[in-house]
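K.L.:
Here it is: the structure, laid out below.
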Amino acid sequence: KAGVTQTPRYLIKTRGQQVTLSCSPISGHRSVSWYQQTPGQGLQFLFEYFSETQRNKGNFPGRFSGRQFSNSRSEMNVSTLELGDSALYLCASSWDEGYEQYFGPGTRLTVT
Amino acid sequence: DAKTTQPPSMDCAEGRAANLPCNHSTISGNEYVYWYRQIHSQGPQYIIHGLKNNETNEMASLIITEDRKSSTLILPHATLRDTAVYYCIVRVVRTGANNLFFGTGTRLTVIP
Numbered sequence: 001k002a003g004v005t006q007t008p009r010y011l012i013k014t015r016g017q018q019v020t021l022s023c024s025p026i027s028g029h030r031s032v033s034w035y036q037q038t039p040g041q042g043l044q045f046l047f048e049y050f051s052e053t054q055r056n057k058g059n060f061p062g063r064f065s066g067r068q069f070s071n072s073r074s075e076m077n078v079s080t081l082e083l084g085d086s087a088l089y090l091c092a093s094s095w096d097e098g099y100e101q102y103f104g105p106g107t108r109l110t111v112t
Numbered sequence: 001d002a003k004t005t006q007p008p009s010m011d012c013a014e015g016r017a018a019n020l021p022c023n024h025s026t027i028s029g030n031e032y033v034y035w036y037r038q039i040h041s042q043g044p045q046y047i048i049h050g051l052k053n054n055e056t057n058e059m060a061s062l063i064i065t066e067d068r069k070s071s072t073l074i075l076p077h078a079t080l081r082d083t084a085v086y087y088c089i090v091r092v093v094r095t096g097a098n099n100l101f102f103g104t105g106t107r108l109t110v111i112p
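Chains as they are written, first to last, in the numbering used here: chain A, 1 to 112; chain B, 1 to 112.
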């Protein structure tokens with residue numbers, strides 16, 4: 001069974017731009033969660049989508065948004081990029097809440 | 001979700017058992033203990049989870065004390081590839097909350 005895939009793996013953007021990251025979950029998984037990892041704050045939960053609906057949200061500004069498609073693939077978008085948005089963005093999929101989450105390799109975003 | 005406390009770092013000789021402790025003294029009856037690990041710059045990897053009984057799988061064993069206030073993850077024969085940051089997470093399994101709260105974890109270094 002293929003694992004969680006994320007594209008792109010690396011991205012360099014300029015302050016003020018916007019970016020869209022993509023995540024394809026494991027086949028059959030309906031829940032997709034997004035996390036941000038930085039050296040200072042560690043791993044932090046952004047939001048979770050289940051059956052195309054945002055089910056849970058972390059404490060991030062509205063510049064961070066996401067969506068999920070009918071095939072469970074998910075995208076997250078960050079608008080008006082700031083230097084502090086430089087991070088490793090991780091996506092995780094699971095069958096449903098309470099089941100183990102499987103993480104993708106992440107997208108490393110650098111904002112200059 | 002209950003807070004966890006882990007030592008920041010540990011060393012283990014290759015081939016020996018690695019015992020990683022986790023304190024979760026405020027855990028409640030419906031909270032599970034999960035363990036994940038993250039090898040440098042990769043996505044976290046699920047290891048094991050349990051409620052109150054000891055659990056074992058192909059990767060590790062999880063020992064939970066009778067009062068459930070602490071647990072130990074055991075890697076029976078540590079290899080160099082087990083060098084990673086190990087996260088102990090306590091969470092309630094309930095509808096609408098499929099997010100993981102990662103602490104700072106324990107950095108395990110397996111020494112040849």
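All C-beta atoms in this analysis are idealised placements derived from N, C-alpha and C, irrespective of residue type, glycine included.
#1: At a Cβ cut of 8 Å, what residues of the stretch 51-72 of chain A count as close to chain B, listed as they run along the chain?
#2: Leaving out five residues on either side along the sequence, give the residues of the same chain with a beta carbon under 6 Å from the beta carbon of B/D82.
#3: So A/Y102 contacts chain B; which residues on that side make the cut at Cβ distance below 7 Å?
#4: Buried or exposed: B/T4, going by 16 or more other Cβ atoms within 10 Å of its Cβ?
#5: Report the residue from B/L73, B/P8, B/S9 whose alpha carbon sits nearest the alpha carbon of B/N57.
#6: Strictly below 8 Å CB to CB, what residues from chain A border B/N98?
#7: By how many angstroms is the C-alpha of A/G16 removed from the C-alpha of A/S94?
#8: Are three or more beta carbon pairs between the stretch 13-28 of chain A and the stretch 63-79 of chain A nearer than 8 Å?
#9: With 8 Å set as the bound, which would you pick, yes or no: does the beta-carbon of B/T4 sit closer than that to a beta-carbon of chain A?
#10: Give me the Cα-Cα distance between B/A13 and B/T65, rounded to the nearest whole angstrom.
#11: Any idea if A/I12 is buried or exposed, counting beta-carbon neighbours within 10 angstroms, 16 or more meaning buried?
#12: At what residues does the beta strand (DSSP E) containing B/V92 begin and finish?
#13: Would you grab the beta carbon distance between B/R91 and B/Y32 for me? Rounded to a whole angstrom, and I think it's under 8 Å.
#14: Please classify A/E97 as buried or exposed, where buried requires at least 16 other C-beta atoms within 10 Å of its C-beta.
P.N.:
According to the data block:
#1: R55, N56, G58
#2: The residues are L75, V110.
#3: Those are Y46, listed as they occur along chain B.
#4: Answer is buried; the Cβ neighbour count reaches 16.
#5: B/L73
#6: S31, S33, E48, F50, R55, N56, S94, D96, E97, G98, Q101
#7: In a straight line, the C-alpha of A/S94 is about 33 Å away from that of A/G16.
#8: The count of Cβ pairs closer than 8 Å, one atom from the stretch 13-28 of chain A and one from the stretch 63-79 of chain A, reaches three, so the stretches are in contact.
#9: The beta-carbon of B/T4 is placed no less than 8 Å from the nearest beta-carbon of chain A.
#10: 25 Å
#11: Under this definition A/I12 is an exposed residue.
#12: 84-92
#13: 6 Å
#14: buried
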